[in-house]
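Notes to accompany the following structure.
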Amino acid sequence: MKIAIFGASGRTGIMTVYQALDKGYEVNAFARKAFNVTIRHPNIRIVEGDILDYQKVKDAVEGVDAVIITLGMDKNKPLRTFSHGTANIIEAMKEYDVKRLICMSSAGLLGKDTHPVFGKIIIPLFLNHIYADKKEQMNIIKESGLEWIIIRPPRLTQAPKTGKYQLTEGRPGTRSVPRADVADFMLRLVKDKTYDGRIPAIASN
């Protein structure tokens, strides 16, 4: 089975690539700069490009069975990177008849379900434009007609994988989760359809 991972050079993305290869998947790893993906493995193909470049996105999606999006938040990203980039991915998926999409978003995506301080102070003051784009990304995915899941982690840590995490429909149960556990859950969703069409929060036990 082959999957495309967008945001493969980010800290969660690279963790997802490592785990996917360990599980025996072939991986098309999409990154803005190929040299940031230092993994060497017979089952990885690194695709260098900008997610806003449709031809590059198509190159990464061709021939895969599922797509995972792990784009990180960066105040220096172009204003609508999440929404426009995801629209490119979905268009390419439809062109190549790829049905399954797993997208990592953020605990603050649904606003009222996040921690009060984060939702009422941090997002409006510092991250409002990013979350507006993430909400547009969510709407694009929901209207895509694909088999989709959007996951909402809180603060991401570099702690080791535990394989034990809480999944909730509202506010995350705790305020952090290891990136390794987020990667584990996203790869589980490649085949597990329990959460199709849902937007679960994931957090540490």
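Sequential numbering of the sequence shown, starting at 12, is according to my numbering. Note that beta-carbon positions come from the ideal geometry of N, C-alpha and C, so glycine has one too. Given the structure is predicted, the values throughout are model-derived calculations rather than measurements.
query                                                                                                           : result
For ASN99, the first and last residue of its enclosing alpha helix (DSSP H)                                     : 92-106
Other residues of its chain near ILE152: CB distance less than 8 Å, five sequence neighbours each side excluded : THR97, ILE101, LEU112, CYS114, TRP159 and ILE161
Where GLN148 falls, given that 16 or more other Cβ within 10 Å makes a residue buried                           : buried
TYR65 versus ALA118 - alpha carbon distance                                                                     : 28 Å
Proximity test, Cβ basis, 7 Å: LEU63 and chain D                                                                : The structure shown has no chain D; it contains just one protein chain.
VAL128 versus ARG186 - alpha carbon distance                                                                    : Below a pLDDT of 50, predicted positions are generally treated as unreliable, and VAL128, at 48, falls in that range; no measurement from the model is reported.
Of the residues ALA214, GLN169 and VAL201, the one placed nearest GLU9, counting alpha carbons only             : Since the first residue shown for the chain is 12 and the last is 216, residue 9 is missing from the structure and cannot be characterised.
Limits of the unbroken alpha helix (DSSP H) element including LYS67                                             : 65-72
Residue span of the alpha helix (DSSP H) that contains LEU32, given as start and end                            : 22-33
Burial state of LYS204, where buried means 16 or more other Cβ atoms lie within 10 Å                            : exposed
Pairwise C-alpha distance: ASP195 and MET12                                                                     : 16 Å
Of the residues GLN169, PRO189, GLY156 and VAL188, the one placed nearest ASP207, counting alpha carbons only   : GLY156
Candidates ASP33, THR168 and ILE141: closest to ARG22 by CA position                                            : THR168
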